[in-house]
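To start, the structure itself, in structure tokens.
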Amino acid sequence: MKPMIVDHPLIQHKISLLRNKQTGTKEFRDLVGEIANLLCYEATRDLPTEEVEIETPVTVARTKVLAGRKLALVPILRAGMGMLDGMLNLIPAAKVGFIGLYRDETTLQPVEYFCKLPSDIAERDVLVLDPMLATGGSAIDAINMIKKRGAKRIKFIGLIAAPEGLNALQEAHPDVSIYVAALDDHLNENGYIVPGLGDAGDRIYGTK
77 MKPMIVDHPL IQHKISLLRN KQTGTKEFRD LVGEIANLLC YEATRDLPTE EVEIETPVTV
137 ARTKVLAGRK LALVPILRAG MGMLDGMLNL IPAAKVGFIG LYRDETTLQP VEYFCKLPSD
197 IAERDVLVLD PMLATGGSAI DAINMIKKRG AKRIKFIGLI AAPEGLNALQ EAHPDVSIYV
257 AALDDHLNEN GYIVPGLGDA GDRIYGTK
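So the number in our numbering is just where the residue sits in the sequence shown, counting from 1, plus 76.
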């Protein structure tokens, strides 16, 4: 599936503010949530609807509501948590799971340390959340874990991707739809996205 680079002007403006090293922790955290909210709007555009009859203050109307498709949000810890509230603002009935992965600083490979998913994950559309798609390793492993538990309809939602990570994720999981706000130039020798925005987790939580 062709990745969706969401180039809405509001998203691009907010991404520019995120990139600025002068942006403080609170503003950075708020921006991540706002961008996640806007990306959620795009990623759920294909949700099925059904027609119902309601009574307005004026008359009876035929209108559309969501057709009961169940959703799950799965942030990759810890940076993915920064996107969660923005997503839940639009889809508050979604269940939430968590996958814990950290990157080995020597090998740059993801290491799993936690996985807790809704018991009915196989019946749900799953939105995997992680701000940065760098090497793609964490996203690939997280989606592998979700698929092992039976999920079939999976989307990845991120803020910024490197071409290397985007290609790796597409190759590993060609059935997964990808939504990101920006596609950057490359990865540097330390596995960071260039120009990027630094370490998203550290900037969300003020830990560096």
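Glycine included, each C-beta is placed from N, C-alpha and C at the ideal position.
TODO: Would you decide whether residue 144 is buried or exposed? Buried here means 16 or more other CB atoms lie within 10 Å of its CB.
DONE: As a first step, residue 144 is located in the sequence shown; it is residue number 68 there, counting from the start. So residue 144 ends up on the exposed side.
Task: Which of helix, strand or coil DSSP assigns to residue 79 - done: Locating residue 79 in the sequence shown gives position 3, counting from the first residue. Coil, per DSSP.
Open item on the list: Residues in the same chain with beta-carbon distance under 8 Å from residue 153, minus the five sequence neighbours each way, listed in chain order, please.
Closed with: Taking the first residue of the sequence shown as 1, we reach residue 153 at position 77. The residues are 174, 175, 176, 177, 190.
Open item on the list: Nearest by alpha-carbon distance to residue 83: which of 114, 102, 100, 77 is it?
Closed with: For the purposes of this step, residue 83 is taken as the residue at position 7 of the sequence shown. Selected option, being the one with the closest Cα: 114.
Open item on the list: Under 8 Å, with one C-beta from each stretch per pair, do the stretch 265–281 and the stretch 242–250 reach the 3-pair mark?
Closed with: no
Open item on the list: Tell me which residue opens and which closes the beta strand (DSSP E) that residue 179 is part of.
Closed with: The count along the sequence shown starts at 1 and reaches residue 179 at position 103. Here the beta strand (DSSP E) through residue 179 covers 174–179.
Open item on the list: In the DSSP output, what is residue 234 paired with across the bridge?
Closed with: By one-based count along the sequence shown, residue 234 stands at place 158. 256, per the DSSP bridge assignment.
Open item on the list: By the three-class DSSP mapping on this structure, what secondary structure does residue 67 have?
Closed with: Within the shown structure, residues of the chain are numbered from 77 to 284, placing residue 67 beyond reach of any answer.
Task: residue 223 to residue 195 span [Cα, whole Å] - done: For the purposes of this step, residue 223 is identified with residue 147 of the sequence shown, where counting begins at 1. For the purposes of this step, residue 195 is identified with residue 119 of the sequence shown, where counting begins at 1. C-alpha separation (whole angstroms): 13 Å.
Task: beta-carbon residue 101 near the ligand PLP non-hydrogen atom, thresh 7 Å - done: This structure lacks the ligand PLP, and indeed carries no ligand of any kind.
- [ ] Please go through the same chain and pick out, in chain order, the residues whose beta-carbon is closer than 6 Å to the beta-carbon of residue 91, but skip the five residues on each side of it.
- [x] The residue you call residue 91 lines up with position 15 of the sequence shown. Taken in chain order, the residues that qualify are 257, 258.
TODO: For my contact list, residue 147 and residue 167 are in at a C-beta cut-off of 8 Å; report their separation, rounded to the angstrom.
DONE: Sequence index remark: in the sequence shown, residue 147 carries index 71 (1-based). Sequence index remark: in the sequence shown, residue 167 carries index 91 (1-based). With a Cβ gap of about 6 Å, residue 147 and residue 167 count as contacting.
Open item on the list: Less than 6 Å between C-beta atoms, sequence neighbours within five positions excluded: which residues of the same chain meet that for residue 117?
Closed with: Counted from its first residue, the sequence shown places residue 117 at position 41. Taken in chain order, the list of residues that qualify is empty.
TODO: Measure the CB-CB distance between residue 276 and residue 203 and report whether it falls below 8 Å.
DONE: Within the sequence shown, residue 276 is the residue found at index 200, counting from 1. Within the sequence shown, residue 203 is the residue found at index 127, counting from 1. No, they are not a contact pair.
TODO: Mind reading off the beta-carbon distance from residue 109 to residue 159? Whole number of angstroms is fine, and I expect it under 8 Å.
DONE: Sequence index remark: in the sequence shown, residue 109 carries index 33 (1-based). Sequence index remark: in the sequence shown, residue 159 carries index 83 (1-based). That belief holds up - the Cβ atoms of residue 109 and residue 159 are roughly 7 Å apart, short of 8 Å.
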